[in-house]
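Chemist: Submitted below is the structure of interest, expressed as structure tokens.
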Amino acid sequence: MNPIIFSVSKNKCPRCHQGDVFVHGHAFKKGFDKMHSHCSCCHLKYEKEPGFFYGAMYVSYALTVAIFVTVWVLNLWFLNLSTTGFITTVILSIIGLMTIVYRTARLVWLNFFVRYNKTMDVEVKS
Ligand SMILES: [Zn+2]
693 MNPIIFSVSK
703 NKCPRCHQGD
713 VFVHGHAFKK
723 GFDKMHSHCS
733 CCHLKYEKEP
743 GFFYGAMYVS
753 YALTVAIFVT
763 VWVLNLWFLN
773 LSTTGFITTV
783 ILSIIGLMTI
793 VYRTARLVWL
803 NFFVRYNKTM
813 DVEVKS
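Letter by letter, the sequence shown follows residues 693 to 818 in my numbering.
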């Protein structure tokens with residue numbers, strides 16, 4: 693599996709793929725936004741500088757646009773909703789997937805700056 697897809701989908705440290713980034717493994721739990729400050733295995737500091745995760749808003753924006761386009765295509769091909777129904781569906785989809793978008797955006801942003809280190813994975817396992 694691609695290392696970035698693995699890290700983002702499994703909530704794992706982008707460098708060693710061992711430690712968790714978020715405290716909870718589930719996006720729909722209270723405290724879904726709580727992050728560990730460092731990786732428990734390789735001690736990578738996740739927030740490199742104050743405000744580091746502000747950049748994740750760009751990823752979040754792209755993911756939200758993807759949700760909008762998905763609902764738009766579904767409406768065009770299958771749902772045939774009225775304008776009000778379409779807007780309501782888009783808003784409910786975005787609100788419903790908000791926690792997943794939040795976490796995914798931060799993990800993707802982190803993976804932009806930290807590469808997977810295969811040798812570190814071996815070092816941590818041994
Ligand atoms: Zn790590």
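Glycine is no exception: its CB is placed at the ideal position from the N, C-alpha and C atoms.
Determine the burial state of residue 754: buried for a count of at least 16 other Cβ atoms within 10 Å of its Cβ, exposed for fewer.
Modeler: With fewer than 16 other Cβ atoms within 10 Å, it is exposed.
Chemist: With distances taken from each beta carbon to the nearest heavy atom of ligand 1, which residues come in below 7 Å, in chain order?
Modeler: Every residue passing the under-7 Å Cβ criterion appears here: 705, 707, 708, 710, 711, 731, 733, 734 and 736.
Chemist: For residue 702, which of helix, strand or coil comes out of DSSP?
Modeler: It is helical.
Chemist: Give the DSSP-derived three-state secondary structure of residue 737 in the structure shown.
Modeler: Residue 737 falls in the strand class under three-state DSSP.
Chemist: I'd like the list of long-range same chain contacts for residue 786, defined as Cβ closer than 7 Å, with 5 residues on each side in sequence excluded.
Modeler: 756 and 759.
Chemist: In three-state DSSP terms, what is residue 693?
Modeler: DSSP places residue 693 in coil when its eight states are reduced to three.
Chemist: Would residue 763 and residue 781 be called neighbours here (beta carbons separated by less than 9 Å)?
Modeler: Cβ distance < 9 Å, so residue 763 and residue 781 count as in contact.
Chemist: Once the 5 residues before and after residue 720 are set aside, which same chain residues still bring their CB inside 7 Å of it?
Modeler: So the list reads 791, once near-sequence residues are dropped.
Chemist: Tell whether a beta-carbon distance below 9 Å holds between residue 802 and residue 706.
Modeler: Yes; because the gap between Cβ atoms is below 9 Å, this pair is in contact.
Chemist: So who's on the other strand from residue 727, going by DSSP bridges?
Modeler: Its beta-bridge partners are 714.
Chemist: Just to confirm before moving on: does the CB-CB distance between residue 700 and residue 800 stay below 9 Å?
Modeler: A contact, by the Cβ cut-off of 9 Å.
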